[in-house]
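Chemist: Starting off with a structure, shown below.
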Amino acid sequence: MADADVIPIGSGGRPGRGTGRRTTPSAAARALAGQAGRPKKGRATKSADDVAAGSRAAELQGEPAAVPDVDGPELPPLDFAGLERAVRGLFGEDGERRVAEWLAFLRRRLTGDYELDEFGYDRDLSDQVLLPMLRPMVEKWFRVEVRGIENIPSDRSALIVANHSGTMPLDGLVTQVVVADHTGRPLRTLAADLVFQTPFVGELSRKGGATLANNDDAERLLRQGNLVGVWPEGFKGLGKPFSERYKLQRFGRGGFVSAAMRTGVPIVPCSIVGAEEIYPLVGNIASLARLLGVPYIPVTPFFPLLGPLGLIPLPSKWLIEFGEPIRTDEFPDGAADDPMLVFNVTDQVRETIQQTLYALLMQRRSVFF
Amino acid sequence: MVTGVSRDAGARCARRLAEDPSIGTVLGIDVVPPRAELGRVRFVRADIRNPVIAKVIAAEAVDTVVHTGVVATPGSAGGRSSMKEINVIGTMQLLAACQKAPGVAKLVVKSSTTVYGAGARDPAMFTEEMAPRAIHHHGLSKDAVEVEGYVRGFARRRPDVCVSTLRMANWIGPKTDSPITRYFGLPVVPTVLGYDARLQFLHEDDGVEAIHHATVNDLPGTFNLAGDGVLSLSQAIRRLGRPTLRMPSFTASGTAAAVRRARLADFSPDQITFLTFGRGVDTTRMRTEFGFEPKYTTAEAFDDFRRSLGTGATTRVSSLLTAGLGALRG
């Protein structure tokens with residue numbers, strides 16, 4: 161009954177659980193809890209009645225044997241055995257491991273014990289929270305079908321260039337999940353500065369591996385051996401009307417090609433079919449957009465008519481095809497500073513994606529299946 | 610000659626230089642006598658905003674000038690106008706005096722990474738060649754940019770002088786008293802809602818060592834100095850175990866004013882943008898050309914600083930909870 165014995169001492173000689181007036185019983189209480197822990201281990205199944213009885217017995221005994229035979233920090237006797245059984249009963253063998261991983265993750269988050277890279281990419285958060293949150297959307301809602309994943313190098317860096325569409329940049333998120341799941345490597349995306357000006361969105365994008373689309377950051381990421389994803393059409397592609405779907409817009413100023421040329425990494429063209437139909441853009445409230453400083457305020461058949469419900473993307477069936485890599489390491493030195501060559505390669509990439517898009521559209525049976 | 614020695618950083622740099630037997634006399638300059646023990650450093654009470662400084666340089670035959678006298682906080686300098694006076698006019702006078710002194714062969718300037726500003730359009734890592742994207746119109750940031758401008762002008766006019774400009778990340782450590790350390794010392798740390806800044810720190814010992822390194826070696830140029838790795842602001846506060854108060858950005862300046870009035874910490878608008886967007890600097894050149902290896906990474910420097918603070922409320926609550934649990938179970 162040693163666990164009951166110690167109560168009178170811990171509460172300053174008074175029986176029971178302390179008065180609550182003393183604010184610092186911590187040292188004594190902890191030491192005593194540690195001592196009490198040892199005998200309790202042997203009989204973890206002891207019921208609460210037994211404990212109460214023991215407590216009364218201890219009072220009768222008077223001065224308990226608070227023998228300091230246990231010193232050093234011993235864990236407080238949390239009933240981990242019971243918790244373990246409960247968790248195993250609820251989630252099964254595998255679930256127990258998952259719950260343990262989650263608890264470890266929570267502890268790391270609370271104590272700040274995780275690493276960020278210099279771009280602010282938080283691998284821990286991405287792998288444990290962000291990607292699992294997006295995965296149902298990719299697998300269940302859009303039922304993404306991936307082709308040509310072998311065209312992405314398995315260990316070297318590459319620049320993945322894709323078409324942009326769908327009013328909201330969901331195609332970026334989906335590609336990120338697809339690449340992470342099929343290659344096991346994170347896709348580091350390049351995003352517009354508007355993303356980083358927006359609260360929450362900018363914060364989460366950085367933690368999810370995005371950085372500002374400029375040549376310095378792109379080359380830095382590529383030199384460090386990352387897979388980098390870029391959508392060179394930008395807002396022109398994202399916010400184009402539904403009538404112009406699958407017609408590629410101008411590919412920026414070709415900055416992505418010069419970044420790839422300077423670092424000598426291959427360009428992997430990526431064609432995304434299905435993203436155009438998630439929010440069919442039929443109009444644009446231009447005056448309000450100007451007022452808010454955003455590129456466009458979309459009008460879709462369901463937004464803003466249905467309010468927040470209109471924000472749910474239509475469940476189109478997606479096809480993502482990664483094409484043959486275009487090598488850039490065979491160009492002579494200084495090719496990145498030759499605008500004509502850069503424009504030619506940009507056009508080559510754009511044409512490849514456009515042709516693949518047409519081919520995929522021919523194969524598609526319907527928008528939603 | 611070291612300027613700004615009655616401030617903590619200047620005093621420590623001067624002491625470090627005085628400890629080196631290869632350096633002859635170390636002259637400390639400031640307007641107020643230093644509170645700290647300076648050891649072998651000879652203190653000269655002079656104002657760098659005054660042409661008298663030229664006479665000091667000539668009379669003492671100064672060959673190396675270490676300029677650490679740039680003030681970061683308006684409060685400690687007696688107001689923003691006085692701070693600007695010290696930073697900009699002081700630097701101008703000092704450089705004018707150096708230009709007239711043929712004996713001066715080296716100038717080391719302690720600058721700051723605030724010259725890059727902070728904003729949403731920043732690249733992830735600034736190299737020394739990059740220009741700031743977001744220009745600040747007030748505070749230390751503007752002063753530092755102007756100081757560096759005058760230093761560049763001086764380097765152009767006196768090509769025989771070896772000029773090292775050290776752009777240092779925020780110093781942190783148990784002995785540093787700066788707006789940033791005060792900020793992390795607040796019982797509840799306010800941050801801007803929806804943003805999480807990337808921060809880099811330089812341990813105070815590394816900062817002093819770097820000044821010494823630049824003084825004893827001939828390393829002309831501009832160098833970024835920072836510990837390896839980055840911490841996000843939320844991560845740093847979690848490591849401190851302090852509660853965070855996330856407030857929308859439009860309340861930030863009001864909060865800063867309240868904190869300033871309560872004399873808890875001294876915030877300027879450029880520090881608020883820094884704590885909103887953060888900043889990272891590339892330190893490749895620090896290793897290759899400057900030949901300096903900081904002893905502490907950003908995270909280690911922050912841990913060293915954390916140990917000097919008391920435990921935060923979150924840590925206390927959790928330990929109290931543990932104790933309470935223990936007592937209950939006992």
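Top line first, the protein sequences correspond to chains A and B.
Under my numbering, the residues of the first sequence are numbered 161 to 529, in order.
Under my numbering, the residues of the second sequence are numbered 610 to 939, in order.
We put the beta carbon where it would ideally sit given N, CA and C, even for glycine.
Computed from a predicted structure; not experimentally measured.
1. Can you give me the Cβ contacts of A:Gln-409 inside the same chain, cut-off strictly under 6 Å, excluding the 5 residues immediately before and after it?
2. Entirely within the segment 251-318 of chain A and at least 3 residues each: give me those beta strand (DSSP E) ranges in chain order.
3. Distance check for A:Asp-376 and B:Val-650, CA to CA, integer angstroms please.
4. Shortest alpha-carbon distance to A:Thr-516 belongs to which of A:Gly-332, A:Val-428, A:Pro-464 and A:Arg-283?
5. Let me know the secondary structure DSSP gives B:Thr-906 once reduced to three states.
6. What does a CB cutoff of less than 6 Å around B:Phe-735 pick up in its chain, not counting 5 residues either side in sequence?
7. Between which two residues does the alpha helix (DSSP H) containing B:Ser-721 stretch?
8. Check each residue of the segment 822-838 of chain B: if its Cβ is closer than 7 Å to any Cβ of chain A, include it; give the result in chain order.
9. Runs of 4 residues minimum, wholly inside the segment 710-775 of chain B: which ones carry the alpha helix (DSSP H) assignment?
10. What is the residue span of the beta strand (DSSP E) that A:Ser-431 lies within?
11. For B:Pro-732, return the contacting residues in chain A, with the cut-off set at a CB-CB distance below 7 Å.
12. Could you list which residues in chain B have their beta carbon closer than 9 Å to that of A:Arg-380, in chain order?
13. Taking 8 Å as the threshold (C-beta atoms), are B:Ser-720 and B:Ala-753 in contact?
14. With DSSP as the reference, label A:Leu-501 as helix, strand or coil.
15. Report all residues from its chain with a CB closer than 7 Å to the CB of B:Asn-696; omit the five preceding and five following residues, and keep chain order.
16. Determine whether the Cβ of B:Ala-743 lies closer than 8 Å to any Cβ atom of chain A.
17. For A:Met-293, count neighbouring C-beta atoms within 10 Å of its own C-beta (all shown protein chains included) and say buried if the count is 16 or more, exposed if not.
18. Strictly by DSSP, which residues pair up with A:Leu-372?
19. According to the neighbour-count rule (16 or more other Cβ atoms, all chains shown, within 10 Å of its Cβ), is B:Trp-780 buried or exposed?
20. Give a yes or no on whether the C-beta atoms belonging to B:Ala-866 and B:Leu-842 are separated by under 8 Å.
21. Sort B:Ile-846, B:Thr-677, B:Pro-903 and B:Arg-851 by Cα distance to A:Tyr-274 and report the nearest one.
22. Within the continuous beta strand (DSSP E) that includes B:Met-856, where are the two ends?
23. Would B:Thr-800 be called buried (16 or more neighbouring beta carbons within 10 Å of its own) or exposed?
24. Does A:Arg-216 pass the burial test, meaning 16 or more other C-beta atoms within 10 Å, or should it be called exposed?
25. Looking at the strands, I want to know which residues DSSP matches up with B:Val-675.
26. Just to confirm the assignment, what range does the alpha helix (DSSP H) spanning B:His-822 have?
27. Out of curiosity, what's the CA-to-CA distance linking B:Thr-831 and B:Phe-899?
28. Is the beta carbon of A:Ser-447 sitting closer than 8 Å to the one on A:Leu-387?
29. Between the Cα of A:Glu-278 and the Cα atoms of B:Thr-860, B:Ala-835, B:Asp-913 and B:Asp-912, which residue gives the shortest distance?
30. Among B:Leu-811, B:Pro-732, B:Leu-808 and B:Leu-854, whose alpha-carbon lies nearest the alpha-carbon of B:Pro-796?
Modeler: Based on what the coordinates show:
1. Glu-393, Lys-396 and Gly-397
2. 305-307
3. 44 Å
4. A:Val-428
5. coil
6. Tyr-725 and Val-890
7. Element bounds for B:Ser-721: not the alpha helix (DSSP H) but the beta strand (DSSP E), 715-721.
8. none
9. 748-766
10. 427-433
11. Leu-372, Asn-374, Asp-376 and Asp-377
12. Pro-732, Ala-733, Met-734 and Asp-891
13. yes
14. helix
15. Val-679, Val-680, Asp-752 and Val-756
16. no
17. exposed
18. A:Ala-351
19. buried
20. no
21. B:Ile-846
22. 853-856
23. buried
24. Residue placement at A:Arg-216 is poorly supported in this model, since its pLDDT is 43, which falls under 50; the coordinates are not used for a value here.
25. B:Val-611 and B:Val-717
26. 813-825
27. 9 Å
28. no
29. B:Ala-835
30. B:Leu-854
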